[in-house]
Every structure is written in C-alpha cells, then in structure tokens.
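Heads up: the structure comes next, in structure tokens.
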Amino acid sequence: MNTPLTSSSAAASALPRVAVLATGGTIAGAAPDAANTAGYQAGVVGVDQLLAAVPALSSVARIQAEQLASIDSKDMASALWTTLVERVNALLASADVDGVVITHGTDTLEETAYLLHLAVKSAKPVVLTAAMRPSSALSADGPLNLLNAVTVAASEKAHGQGVLLAFNNRIHSARDVVKTSTYAVDAFQSPEIGALGWVQDGRVEFQRSVVRAHTTATPFAVGAPWPQVEIVASYAGVSRLAVDALVAAGVRGLVVAGTGNGSIHATLQQALAEAAARGVAVVRSSRVGSGHVMRNGAAPDDALGFVSAGTLNPYKARVLLMLALASGVSDSAALQRVFDTY
Ligand code: SIN
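Below is the structure:
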C-alpha cells in the first residue's frame, strides 16, 4: 500500500532533482584550527559532510551525491576531466536529474568549467562552485556557495545558459570567469564583461545571457586521447629553449601567453614560426588578464600561420585548442574560426 504523502513530503517530492559531484578543493578542505585559512589540506572532507553542513538544501532540491575525486585542483588531469564530462553527460541524459552541481578547487576551476561548457551535451543547468576558505574556517564561504549553486541548478532560469559558476552570490559564465585573487573571498571575476547575474536568499536573477555557442551547439567531445598542448610565455629575455624542446617532444599545439595584445618577443616568435611551419598549432593569447588579442594586431598571424585567442586567457585557450585538435581541426584558418565561434 502506498503511504499517502503529507503536505511537506508532497512539497519535497515536487522539488527539482540535483546531482552533486564532489571533486575536492578548499571547499572540502580542513585545517587544524578555525583561524587558519591558508595552511590547510584541500579535498579531505567528504561530500556527505559538506551537504550535512547545509540543512537548507533539503528545501531547495532533492539531492543525490557522488564523490568523484578528492583532489587539490592544482593536480587536475585530463583523465579526471574525461571522467567528469562523461559522468555529467550520463546524469543529464537521465529524466531523473534536473541539474548538476560540481564542487571543485578554485585553482583550475576556470579550465574545468570551460571544458564542460564546450563538451556537455545538455541544456540542463551545470553549476560549479568552490570556496576560498576551508570548511573548518571561521566564516567558511563553502556552505553558502554550495546552497547558492544548488539553487541555481534547480532554477528553470539557468536552462540553456551553458555551464555556470555560482560563487560569492554571483553567477558567472564558464567562458568568461577567471580567478583573480590568491586569497580574497570574492576571488572570481569575468573581466570587462561582468557576471551573468546573481543568486541570493533563494532568488536567481540573470542580467544577460551567453552569446557564444556552447554545450549542445558545439561539436566537441572527450574520449579520444587528449592532444598534447602546452603553454609558453613571452617575457623580457626569453629564449627559444622551451619551444624547441616541446616541438622536439612532439607537441600538437602551443599557446603563447604573450605580452600586451599577444605580442611575442622576436626570439620566441622565430621559434614559434618554425614550429607552425612544421604543423604545430600556435595560438596567441595574452598574459595581461583582461581584454582581447586582435588577429594580426601585434603579430602577423596571416604570414606566420598563427591563431588569435580573442578574449580567452592562455589556460582556457589551451582547453579549446585541445578539443579542436581532438575533433580533427588543425589548419590555422579553421582553428581561427573555432576561436572566433566558441
Ligand atoms: C584547489 O584548487 O583545490 C585548492 C585551492 C582552492 O580550492 O581554493
């Protein structure tokens, strides 16, 4: 015999179903004492304990939780990226899941978020969150960030917005967001363009939407072996040693963290031009932290076979270049179209 639902259990069974995937990070960090916000171990607190610290979650969504990994995100690797993308796609393909939240370390969050933004094949919400203070800290920021992330993932308004970050009450697009502080609680910004919206006290508001193609509108998938793509930087006195060694090692692509508008020291540019002539994809980005890199602006891309990263920083440009190379795109004109589209 079915037990009749009480009004509160009836209300609970109408809540959206959100899967929480935990990967570690400071949000799951613990320190020996509550005043310690720097000398802690990341990724040691389990997802059940993180959820238990936020009783209000039960009035926002029906939660299912998985401990996918327990790492400091500085150690994120392509094998775990593959697992994460495949798990998110499998969960969202189920009619029993309305959205996914991923808890992650802040250090490489912008890379994982952009990867998911390009490789998830669903319009259902995928929301990352994190924390700058460990779970043991006075004024830990993780619990409210987690509640806000689940609130966004449970919201109809988040459908079709691509992969999102809910952090410090703001909602950012995975494409634009970057970590901009080593210690501040307001560590994430979307330079120049700003946040998509905000989440507070159960209310979700979007003030703009994402213009560039993402998720279901991209051809990208993970699964094939990841092409080797490395990042090199241009700076005063740089040599060509790193580029020559990487080309000799067989890299498929190089992203340059250039100066200013993606300009490159003449010595490094010569090495990169030779790399491009040998079939290595070369993408110019900037180490500056905001603004865009203009095609043929600070280097003759047409003449050298280089690609401009536009507004992507070097780390995000590397993610897109790996996915593009894995999908079979490799000539510089086609790669430029990829960078102009996503
Ligand atoms: C990490 O990225 O896993 C550690 C740092 C953090 O989460 O803030």
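FYI, in full-length UniProt numbering the residues of the sequence shown are 1 to 342. For every residue, glycine included, the Cβ atom is placed at its ideal position computed from N, Cα and C.
Should residue i be listed as close to ligand 1, given that the test is whether its C-beta is under 6 Å from any heavy atom?
i           : result
residue 26  : yes
residue 73  : yes
residue 217 : no
residue 106 : yes
residue 42  : yes
Return the Cβ separation of residue i and residue j in integer angstroms, given the expectation that the two are a contact with Cβ distance under 8 Å.
i           : j           : result
residue 85  : residue 109 : Contact flag wrong, Cβ pair sits at about 15 Å.
residue 132 : residue 195 : With a Cβ gap of about 17 Å, residue 132 and residue 195 do not count as contacting.
residue 281 : residue 253 : 4 Å
residue 169 : residue 200 : 5 Å
residue 69  : residue 23  : 4 Å
residue 60  : residue 163 : The Cβ separation is near 20 Å, so there is no contact.
residue 27  : residue 103 : 5 Å
residue 21  : residue 87  : 6 Å
residue 124 : residue 146 : Actually they are not in contact, since the Cβ atoms of residue 124 and residue 146 sit about 19 Å apart, beyond 8 Å.
residue 234 : residue 264 : 5 Å
According to the neighbour-count rule (16 or more other Cβ atoms, all chains shown, within 10 Å of its Cβ), is residue i buried or exposed?
i           : result
residue 183 : exposed
residue 113 : buried
residue 16  : buried
residue 331 : exposed
residue 278 : exposed
residue 205 : exposed
residue 328 : exposed
residue 105 : buried
residue 334 : exposed
residue 207 : exposed
residue 296 : exposed
residue 98  : buried
residue 300 : exposed
residue 175 : buried
residue 266 : exposed
residue 173 : buried
Skipping 5 residues on each side, what residues in its chain have a beta carbon closer than 6 Å to that of residue i?
i           : result
residue 290 : 191 and 192
residue 326 : 224 and 227
residue 286 : 258, 262 and 293
residue 273 : 304
residue 336 : 307
residue 64  : 19
residue 127 : 101, 149, 152, 153, 164 and 166
Using a Cβ-Cβ cut-off of 7 Å (strictly less than) and excluding sequence neighbours within five positions of residue i, which residues of its own chain qualify?
i           : result
residue 247 : 275, 278 and 280
residue 96  : 17
residue 242 : 232
residue 80  : 69
residue 318 : 229, 231 and 255
In chain order, what residues of the same chain have a beta carbon less than 8 Å from the beta carbon of residue i, not counting five sequence neighbours either side?
i          : result
residue 62 : 12, 13, 15, 16, 17 and 18
residue 36 : 134, 136 and 137
Would you please verify whether the beta carbon of residue i is less than 7 Å from any beta carbon of chain B?
i           : result
residue 220 : Looking for chain B here will not work: only one protein chain is present.
Exercise for the section: Flag this pair as touching only if the stretch 124-141 and the stretch 225-242 have three or more C-beta atom pairs under 8 Å; answer yes or no. Expected result: Look at the beta carbons and you see the stretch 124-141 not touching the stretch 225-242: under three pairs across the two are nearer than 8 Å.
Problem - Meets three-Cβ-pair contact criterion under 8 Å: the stretch 32-52 and the stretch 152-159 - result: No, they do not touch.
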